[in-house]
Amino acid sequence: MLKRNFNIALIEKDIVWGDKAANMEQLKRELALVPQGTDLVVLPELFSTGFITGNRDEAQALAERNSGETMQTLHELAQKYQVAFCGSFLAATAGQLFNRAFFIEPSGEDTFYDKKHLFAFGGENEIYHHGHTQAPIIRFRGFNIKLIVCYDLRFPVFCRNVNNNYDILVAVANWPSSRQHVWQTLLTARAMENECFVCGVNRAGIDGYGAEHGHGSSFIIDFKGKIISQTSDTTPIATASFSPEDLEKFRSKFPAWRDADPFTLK
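The sequence shown begins at 9 in our numbering and counts up by one.
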């Protein structure tokens, strides 16, 4: 691990429902508020469209390939600002729809992951196909970063950090205010049990189905479960600087990861 801090920014967006152009213009304005020297900018789940589940035709009309305009724009912004971006977007492959997470690097390298756990209670499984791969771990600027999407967070085995394979767990979400306590509690639990930094970025505002998502519901949590940064009603961006030395010292001092039970995911 490189001996430099890793700087991260979460952007809690009030997503304009079904309007990709408006959401991309909003993102460009928000980037002016991101501190210089930031390594990674994290966006909410389905940041460019909103969490569309009730109408397949509407979702199909908004879906894009990995090479579509949304990802092309993020590649351009990553190169311009020399930061990485992650989040998820409404993707189409071979006629099927996916809630697809992305990690776009300034070098042009990209990583994609199709959400494994679809939220059947909200009808997500009726529109989207679930992914068949494990959540990826991306090596970027000295840190290993695991990327999950919303409902994935509820499954601790899926999120399990085996032998400290990752240092940062990033969860991108559209988590409603009615389950705010659950969201914050699960983020904190994942941080403590996996001895890692956790970044949970949520959308804000009211979605196209009337579900409310509160401002101030995006969190950056350290490996002890302490909130070190949070958005608010007036500040839609949370930032933090992660020290690799602090993380290494804690894992050495309290090596609970050595006693973890073996398991196999299927």
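Even for Gly, the Cβ is constructed at its ideal location relative to N, Cα and C.
### Nearest-angstrom Cα separation, counted from Cys207 out to Leu35
Position 27 of the sequence shown holds residue 35. Position 199 of the sequence shown holds residue 207. Each residue's alpha carbon lies about 19 Å from the other.
### Task
Can you say whether Phe129 is buried or exposed, counting buried as having 16 or more other CB atoms within 10 angstroms of its CB?
In the sequence shown, counting from the first residue as 1, residue 129 sits at position 121. Phe129 is exposed by the Cβ-count criterion.
### Task
Would you list the one or two residues that DSSP bridges to Arg147?
Your numbering for residue 147 matches position 139 in the sequence shown. Beta-bridge pairing by DSSP links Arg147 to Asn152.
### Query
At what residues does the beta strand (DSSP E) containing Cys207 begin and finish?
Mapped onto the sequence shown, residue 207 falls at position 199. Run containing Cys207: 205-209, per the beta strand (DSSP E) assignment.
### Task
Let me know the secondary structure DSSP gives Met9 once reduced to three states.
The sequence position of residue 9 within the sequence shown is 1, counting from 1. Unreliable placement is indicated for Met9, whose pLDDT of 46 sits below 50; no coordinate value is reported for it.
### Task
Please classify Leu70: is it buried, with 16 or more other beta-carbons within 10 angstroms of its beta-carbon, or exposed?
Taking the sequence shown and counting its residues from 1, the one referred to as residue 70 is at position 62. Per the 10 Å Cβ criterion, buried.
### Query
What's the C-alpha gap between Val91 and Ile16?
Working through the sequence shown from its first residue, we reach residue 91 at position 83. Working through the sequence shown from its first residue, we reach residue 16 at position 8. One C-alpha to the other measures close to 9 Å.
### Query
Do you know offhand how far Ala197's Cα is from Arg187's?
Translated into positions along the sequence shown, residue 197 becomes position 189. Translated into positions along the sequence shown, residue 187 becomes position 179. The alpha-carbon atoms of Ala197 and Arg187 are separated by roughly 16 Å.
### Query
Is DSSP giving Gly95 helix, strand or coil here?
For the purposes of this step, residue 95 is identified with residue 87 of the sequence shown, where counting begins at 1. Strand.
### Message
Whole angstroms are fine: how far does the CA of Asp267 sit from the CA of Leu85?
### Response
Walking along the sequence shown from the start, residue 85 turns up at place 77. Walking along the sequence shown from the start, residue 267 turns up at place 259. When rounded, the separation of the alpha-carbon atoms in Leu85 and Asp267 is 42 Å.
### Task
Just mark Gly58 as buried or exposed, buried being the case when its beta carbon has 16 or more other beta carbons within 10 Å.
The residue given as residue 58 occupies position 50 in the sequence shown. Taking a 10 Å sphere around the C-beta of Gly58, we find 16 or more other C-beta atoms and assign the residue as buried.
### Task
Could you check if Gly95 is buried or exposed, using at least 16 other CB atoms within 10 Å of its CB as the buried criterion?
For the purposes of this step, residue 95 is identified with residue 87 of the sequence shown, where counting begins at 1. Label assigned to Gly95: buried.
#### Entry: Reduced DSSP secondary structure (H/G/I, E/B, other) of Gln238
For this step, residue 238 is matched to residue 230 along the sequence shown. DSSP places Gln238 in strand when its eight states are reduced to three.
#### Entry: Residues of its chain near Pro184, where Cβ-Cβ distance is below 8 Å and the 5 sequence neighbours each way are ignored
For this step, residue 184 is matched to residue 176 along the sequence shown. Here the set comprises Ala219, Glu220, His221.
### Message
Considering only heavy atoms of the ligand NAP, does any lie closer than 7 Å to the CB of Asp241?
### Response
Among the components of this structure there are no ligands whatsoever, and the ligand NAP is therefore not found.
### Message
For Ser251, which residues in the same chain have their Cβ closer than 8 Å to its Cβ, ignoring the five residues on either side in sequence?
### Response
Counting from 1 along the sequence shown, the entry for residue 251 is found at position 243. Closer than 8 Å at Cβ, skipping near neighbours: Asn13.
### Query
With contact counted as at least three CB pairs below 8 Å, one residue from each stretch, are the stretch 38-51 and the stretch 59-78 in contact?
no
### Exposed unless 16 or more other CB atoms sit within 10 angstroms - verdict on Leu126
As a working mapping, residue 126 is identified with position 118 in the sequence shown. Leu126 comes out buried.
### Query
So Ile156 packs on Cys167, CB below 8 Å; how close in whole Å?
Taking the first residue of the sequence shown as position 1, residue 156 is located at position 148. Taking the first residue of the sequence shown as position 1, residue 167 is located at position 159. Indeed they touch by this definition, with Cβ atoms about 6 Å apart.
### Query
Which residues in the same chain as Gln87 place their Cβ atom closer than 8 Å to its Cβ, once the five residues preceding and following it in sequence are excluded?
Within the sequence shown, the letter at position 79 stands for residue 87. Result list for Gln87: Pro114, Gly116, in chain order.
### Query
Which runs of the beta strand (DSSP E) fall wholly inside the stretch 109-190 and span at least 3 residues, in chain order?
118-122, 145-148, 151-157, 176-180
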